[in-house]
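Quick note: the sequence shown uses my numbering, first residue 34, plus one each step.
Note that CB positions come from ideal geometry on N, CA and C, so glycine has one too.
Just so it is clear, the structure is predicted and the values come from calculations on it, not from any experiment.
Presented below is the structure to which this report refers.
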Amino acid sequence: IQDSGIPFTFLKLTMIMDTIPRYANNGKPFIIGKQPHRWRWIHTSDIGRMASAAFSNVNARNKKLTLLGNSGCTFAEAVDQYLRATGQEGKPTRSKPYWVANLLALVVGKELRYAISIFRYFDQHPEEGDPSEAYELLGKPEVSLEHYFEESI
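As structure tokens, this is what we get:
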């Protein structure tokens, strides 16, 4: 795409907070691996607003911009905060070891095997990138995790 001569803007994302309820799993949290890294979760409404701004801003043309949320926490911390905010608080979120997840995948199937590969990637690769240029050109994210959790109630 870069070499085609067609104008582009690549938006490189971090974790999307709208996925947290999936990990909360109706009060039975499910994450795989240690997941030690802190992620600056971003909301889809911020991604949409910033993507729209990129289309109308000639200064964003032909750039790779990193979009990160405004506060960071691990998978387990995000899920625990969500469960508290939605009144599903119970035991703290614990990670399932990969060997347990692989055994479950024998029953559940390819969807879980795919999730395992994603979790393994996140386990080994911390968040990367500097969002300062994106913030300057497209504005900063507006939705905090706290706001998202309040709205989830």
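For leucine 44, the three-state DSSP class (helix, strand or coil): strand
Nearest to alanine 57 (by Cα), restricted to the options Val133, Ile151, Lys124, His180: Out of Val133, Ile151, Lys124, His180, Lys124 has the C-alpha closest to the C-alpha of alanine 57.
Beta-ladder partner(s) of glycine 60, from DSSP: Per DSSP, none; premise fails for glycine 60.
Contact check, phenylalanine 108 vs isoleucine 80, beta carbons under 7 Å: no
Proximity test, lysine 129 beta-carbon vs the ligand HEM heavy atom, cut-off 6 Å: With respect to the ligand HEM, the structure offers nothing, as it holds no ligand at all.
Own chain, CB closer than 8 Å to isoleucine 49, minus 5 neighbours either side, in chain order: Trp74, Ile75, His76, Thr77, Ile80
Selection from Phe41, Glu175, Glu144 that minimises the alpha carbon distance to asparagine 92: Phe41
Neighbour flag for leucine 101 against chain D, beta carbons, 7 Å: Note that chain D does not occur in the displayed structure, where there is just one protein chain.
7 Å CB neighbourhood of proline 159 in its chain, flanking five on each side removed: His70
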